[in-house]
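**Student:** Please find one structure pasted underneath; my questions will follow.
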Amino acid sequence: MSVLKLNGPAPLLAGVRPISWGPRTIDLSEVSWLTPFDVVAIASIRARLAAEGRAPEMVLPKTPAVHKYLADVAQPSGFATSPQGLVIGLKQLPTADAWDDLLPEIIPPLFSGLPDGDLARRALDVLSELIDNAGTHGDSAAGTFVCAQHYEGGSGLPPGLWLAVADAGRGIPSHLRLNPRYADLEADEELIRLARRPWVTGTRDRRGWGLVSVFENAAGRRGGEILIRSGGGEGFFRPRPERPPFARYRPRMPRLPGTWVHARLGP
Amino acid sequence: MHAWGLDNSRHPLYAFTEIMERATHPYRIADRWNSFLATRDRGRRVREDVEDQLAKLEPGQTLSLDFSDVEGITVSFGDELVAKLIIDRAAGPYVDRGLVLEGANEDVHETLETVLARRKVSGVGLDADGEPEVLGEKRWLPETLKAAMELRSFSAAELSERLGLTPQAANNRLRGLVATGAVVREQVIPEGGGKEFGYRVAVPAYA
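Which chain is which? The protein sequence lines are A and B, in order. When the letters of the first sequence are read in order and numbered with the working numbering, they come out as residues 1 to 267. When the letters of the second sequence are read in order and numbered with the working numbering, they come out as residues 1 to 207.
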């Protein structure tokens with residue numbers, strides 16, 4: 001029986017590599033804390049398997065605080081009232097357009113739960129682009145998952161707004177290979193690097209400023225970073241004031257079923 | 001004499017019908033959709049609806065994309081709706097129908113500037129007094145729009161003379177101005193026959 005055993009702090013963001021992403025059990029019992037990235041990734045794995053008729057058994061965290069966090073974040077209205085500073089609870093979006101319909105519910109706590117309106121607006125720019133991209137390259141019956149949290153830095157984590165979007169679709173590399181121009185590129189990480197550029201797309205649509213381009217614009221002088229894991233590759237990008245941005249792209253196995261993105265907008 | 005040979009401006013009936021023909025049709029986004037708009041998916045749906053409305057207008061009429069009561073838009077939505085709408089209109093069959101933007105608050109205004117500048121295209125927004133302002137790529141457009149508003153309806157030769165430009169330079173500028181939506185291009189039959197284009201300002205206060 002295959003078990004995806006997650007331990008310690010932020011296990012999926014930290015980069016756990018299981019034997020496969022199709023477990024019968026997801027064991028969170030030894031998790032010491034979770035980030036929005038972990039939450040959307042777990043939800044995405046679970047929803048994909050459930051859509052295939054083999055929903056995994058969930059073993060919940062033993063630590064009461066982590067257990068409560070998971071319960072708070074999964075509530076339909078798990079917003080800024082949380083003592084952890086939760087801003088957007090876990091949302092499952094069947095289509096990108098569904099995000100627009102949720103905004104009247106999301107915007108008031110987002111703007112009231114953050115220190116300034118500019119950060120909220122920039123967060124919406126990044127989340128909306130990520131959700132659009134997930135809708136395009138995701139194409140998954142499980143939909144797209146979104147979660148966000150504001151950290152003030154007291155816990156030792158880099159402060160700012162942590163955003164996470166995950167889908168269980170075909171992934172960025174496979175999507176870009178639909179474009180004949182990129183069909184022969186074998187390295188997934190190279191295709192993730194291309195996704196950084198404006199106007200790179202797997203379709204004939206004229207969309208796209210590039211995942212990273214929108215993030216870079218939103219981060220501005222606030223700083224932050226974006227981590228993209230998709231298919232068999234990973235990309236990490238950090239803009240730096242007055243210096244060229246830091247970027248790193250590398251292969252990553254086992255292949256991820258879909259795309260998971262973490263983005264942090266600095267305070 | 002009218003710029004393209006139709007001297008109807010002094011007749012009350014013609015004046016009335018001309019006003020009717022030039023009517024501005026508002027498209028209030030907040031009423032039809034939402035007060036905050038985010039995704040490309042939604043932007044595409046709104047754009048398709050706006051293009052349907054544009055198709056229903058008569059040549060010479062103007063569609064005013066009204067952002068009143070819209071609290072915010074993302075760059076993704078703004079690009080998908082406004083930037084692509086302007087690009088499609090300029091390349092499509094509706095260059096004889098005007099398009100202006102109005103009612104944008106400070107945040108929406110800033111986003112519109114960003115998305116248009118990044119696509120290297122321009123649109124025309126109206127301030128609270130109905131005065132036009134070029135958004136996005138500026139270049140020589142403000143000066144050319146000002147000259148066009150003074151002329152209201154004109155030929156390329158008249159604009160060329162007003163700005164002291166060669167006919168070719170005036171035509172280039174007119175192409176850019178028509179692309180913004182603030183001026184419409186109409187095919188006219190000049191005295192003596194043949195075909196040529198006439199231009200008319202589509203900004204409501206100057207139409």
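Beta carbons: idealized from backbone N, C-alpha and C, even for Gly. Quantities reported herein were computed from a predicted structural model and do not represent experimental measurements.
(1) Going along the chain, which residues of its own chain have a beta-carbon closer than 6 Å to the beta-carbon of P108 of chain A, five neighbours each way excluded?
(2) Using DSSP with H/G/I as helix, E/B as strand and the rest coil, what is R181 of chain A?
(3) Should G171 of chain A and R222 of chain A be called a contact, given that it needs their Cβ atoms to be closer than 8 Å?
(4) Are the CB atoms of A142 of chain A and A164 of chain A within a distance shorter than 8 Å?
(5) Please confirm whether G136 of chain B has its beta-carbon closer than 8 Å to some beta-carbon of chain A.
(6) Contact between the segment 93 to 105 of chain A and the segment 38 to 58 of chain B is defined here as three or more beta-carbon pairs at a separation below 8 Å; is this criterion met?
(7) For R54 of chain A and V50 of chain B, what's the separation of their Cα atoms in angstroms?
(8) Any C-beta of chain B sitting closer than 8 Å to the C-beta of I172 of chain A?
(9) Are the C-beta of I131 of chain A and some C-beta of chain B separated by less than 8 Å?
(10) Can you list, in chain order, the residues of its chain with a C-beta nearer than 8 Å to that of R204 of chain A? Leave out the 5 residues immediately preceding and following it.
(11) How is K138 of chain B classed by DSSP in three states: helix, strand or coil?
(12) What are the partner residues of S230 of chain A, as DSSP defines its beta bridges?
(13) Rounded to whole angstroms, how far is the Cβ of R264 of chain A from the Cβ of G117 of chain A, which I believe are closer than 8 Å?
(14) Which of the three DSSP states is assigned to Y94 of chain B in this structure?
(15) Mind checking D52 of chain B: buried by the 16 CB within 10 Å criterion, or exposed?
(16) From the DSSP output, in three-state form, read off K91 of chain A for me.
(17) May I ask you to list the residues that DSSP assigns as paired with E161 of chain B?
(18) Helix, strand or coil: how does DSSP classify W4 of chain B here?
(19) My output table needs one value for P73 of chain B: the three-state DSSP class, helix, strand or coil.
(20) Run down chain A in chain order and give the residues with a C-beta less than 9 Å from the C-beta of G34 of chain B.
(21) Count the other CB atoms within 10 Å of the CB of F77 of chain B; is the residue buried (16 or more) or exposed (fewer)?
(22) Bridge partners of W162 of chain A, per DSSP?
(23) In angstroms with no decimal places, state the Cα-to-Cα distance between F67 of chain B and E152 of chain A.
(24) So is E58 of chain B buried or exposed if we call it buried at 16+ other beta carbons inside 10 Å?
(25) Counting contacts by CB-CB distance shorter than 8 Å, is F77 of chain B in contact with chain A?
(26) Say whether the segment 159 to 168 of chain B touches the segment 69 to 85 of chain B, bearing in mind that this needs 3 or more beta-carbon pairs closer than 8 Å, one atom from each stretch.
(27) Taking C-beta pairs closer than 9 Å, name the residues in chain B that D167 of chain A reaches, listed in chain order.
(28) Residues in the segment 60 to 74 of chain B with C-beta within 7 Å of chain A's C-beta atoms, listed in sequence order?
(29) Rounding to the nearest angstrom, what Cα-Cα distance links G235 of chain A and L124 of chain A in this structure?
(30) Give, in chain order, every residue of the segment 103 to 114 of chain B whose Cβ lies closer than 9 Å to some Cβ of chain A.
(31) Pick from B:A55, B:L63, B:K56: whose alpha carbon is nearest that of Y27 of chain B?
(32) Per DSSP, what kind of secondary structure is Y249 of chain A in: helix, strand or coil?
(33) Are A182 of chain B and V203 of chain B close, meaning C-beta to C-beta below 8 Å?
(34) Taking 7 Å as the cut-off, is the CB of V73 of chain A close to at least one heavy atom of the ligand HEM?
(35) Taking Cβ to Cβ, would you say V134 of chain B is nearer than 8 Å to V82 of chain B?
(36) Can you tell me whether DSSP reads S133 of chain A as helix, strand or coil?
**Tutor:** Reading from the atomic positions:
(1) Against the first sequence, residue 108 of chain A aligns to sequence position 108. Same-chain partners within the cutoff: there are none.
(2) Here residue 181 of chain A refers to the residue found at position 181 when the first sequence is read from its first residue. The answer is coil: DSSP assigns R181 of chain A none of H, G, I, E or B.
(3) Counting from one through the first sequence, the residue named residue 171 of chain A turns up at place 171. Counting from one through the first sequence, the residue named residue 222 of chain A turns up at place 222. In this structure, R222 of chain A does not lie closer than 8 Å to G171 of chain A by Cβ.
(4) Position 164 of the first sequence, counted from the start, is the residue given in the question as residue 164 of chain A. Position 142 of the first sequence, counted from the start, is the residue given in the question as residue 142 of chain A. No, the pair does not count as a contact, with Cβ atoms beyond the cut-off.
(5) The sequence position of residue 136 of chain B within the second sequence is 136, counting from 1. Chain A contact via Cβ: absent.
(6) Output reads yes: the segment 38 to 58 of chain B touches the segment 93 to 105 of chain A.
(7) Residue 54 of chain A sits at position 54 when you count from the first residue of the first sequence. Residue 50 of chain B sits at position 50 when you count from the first residue of the second sequence. C-alpha of R54 of chain A to C-alpha of V50 of chain B: approximately 44 Å in a straight line.
(8) Position 172 of the first sequence, counted from the first residue, corresponds to residue 172 of chain A. It does not: the Cβ of I172 of chain A has no partner Cβ on chain B nearer than 8 Å.
(9) Counted from its first residue, the first sequence places residue 131 of chain A at position 131. It does; some Cβ of chain B falls within 8 Å.
(10) Numbered from its first residue, the first sequence carries residue 204 of chain A at position 204. At R204 of chain A the pLDDT is 47, less than 50, meaning the model places this residue with poor confidence and gives no usable figure here.
(11) The residue given as residue 138 of chain B occupies position 138 in the second sequence. In this structure, DSSP gives K138 of chain B a state outside helix and strand, which the three-state scheme calls coil.
(12) One-based indexing of the first sequence puts residue 230 of chain A at position 230. DSSP, once it has assigned bridges, lists A:G233, A:T259 as partnering S230 of chain A.
(13) Counting from one through the first sequence, the residue named residue 264 of chain A turns up at place 264. Counting from one through the first sequence, the residue named residue 117 of chain A turns up at place 117. Rounded, the Cβ-Cβ distance is 19 Å, inconsistent with contact.
(14) Against the second sequence, residue 94 of chain B aligns to sequence position 94. Coil, per DSSP.
(15) Mapped onto the second sequence, residue 52 of chain B falls at position 52. Classification of D52 of chain B: exposed, given that the 10 Å Cβ count is below 16.
(16) Position 91 of the first sequence, counting from 1, holds the residue named residue 91 of chain A. If DSSP states are grouped into helix, strand and coil, K91 of chain A belongs with the strands.
(17) Translated into the one-based positions of the second sequence, residue 161 of chain B becomes position 161. Under the DSSP definition of a beta bridge, E161 of chain B lacks any partner.
(18) Here residue 4 of chain B refers to the residue found at position 4 of the second sequence. With a pLDDT of 40 at W4 of chain B, under the threshold of 50, the modelled position of this residue cannot be trusted, and the question is left open.
(19) Working through the second sequence from its first residue, we reach residue 73 of chain B at position 73. Going by the sequence as given, residue 73 of chain B is Ile instead of Pro. DSSP places I73 of chain B within a strand segment (E or B) once states are collapsed to three.
(20) On the second sequence, position 34 is the one that residue 34 of chain B refers to. With the sequence shown as reference, residue 34 of chain B is identified as Asn, and Gly is not the correct amino acid for it. Under the 9 Å cutoff, chain A gives D100, D101, L103, P104.
(21) On the second sequence, residue 77 of chain B is found 77 positions in, with the first residue counted as 1. By the beta-carbon neighbour count (other beta carbons within 10 angstroms, threshold 16), F77 of chain B is buried.
(22) On the first sequence, residue 162 of chain A is found 162 positions in, with the first residue counted as 1. W162 of chain A is bridged to A:Q149, A:R264.
(23) Position 67 of the second sequence, counted from the first residue, corresponds to residue 67 of chain B. Position 152 of the first sequence, counted from the first residue, corresponds to residue 152 of chain A. Distance between F67 of chain B and E152 of chain A, taken at the CA atoms: about 35 Å.
(24) Working through the second sequence from its first residue, we reach residue 58 of chain B at position 58. E58 of chain B should be labelled exposed.
(25) Along the second sequence, one-based indexing puts residue 77 of chain B at 77. With its beta carbon less than 8 Å from one in chain A, F77 of chain B belongs to the interface.
(26) When Cβ pairs closer than 8 Å are counted between the two stretches, the segment 159 to 168 of chain B is seen not to touch the segment 69 to 85 of chain B, the count staying below three.
(27) The residue you call residue 167 of chain A lines up with position 167 of the first sequence. Here the premise fails: no neighbours, minimum Cβ distance about 14 Å.
(28) Closer than 7 Å at the C-beta level to chain A, one finds these residues of the segment 60 to 74 of chain B: G72, T74.
(29) Within the first sequence, numbered from 1, the residue matching residue 235 of chain A stands at position 235. Within the first sequence, numbered from 1, the residue matching residue 124 of chain A stands at position 124. Put simply, the backbone Cα of G235 of chain A is about 22 Å away from that of L124 of chain A.
(30) Closer than 9 Å at the C-beta level to chain A, one finds these residues of the segment 103 to 114 of chain B: D107, T111, T114.
(31) Along the second sequence, one-based indexing puts residue 27 of chain B at 27. Among B:A55, B:L63, B:K56, the Cα nearest to that of Y27 of chain B belongs to B:L63.
(32) Residue mapping note: residue 249 of chain A aligns to position 249 of the first sequence, counting from 1. If DSSP states are grouped into helix, strand and coil, Y249 of chain A belongs with the strands.
(33) For this step, residue 182 of chain B is matched to residue 182 along the second sequence. For this step, residue 203 of chain B is matched to residue 203 along the second sequence. Taking the C-beta atoms as reference points, V203 of chain B is found nearer than 8 Å to A182 of chain B.
(34) Among the components of this structure there are no ligands whatsoever, and the ligand HEM is therefore not found.
(35) Mapped onto the second sequence, residue 134 of chain B falls at position 134. Mapped onto the second sequence, residue 82 of chain B falls at position 82. With contacts defined as CB atoms closer than 8 Å, V134 of chain B and V82 of chain B fail to qualify as a contacting pair.
(36) By one-based count along the first sequence, residue 133 of chain A stands at place 133. The residue you asked about is not Ser; residue 133 of chain A is Asn in the sequence shown. Of the three classes helix, strand and coil, the one that applies to N133 of chain A here is helix, per DSSP.
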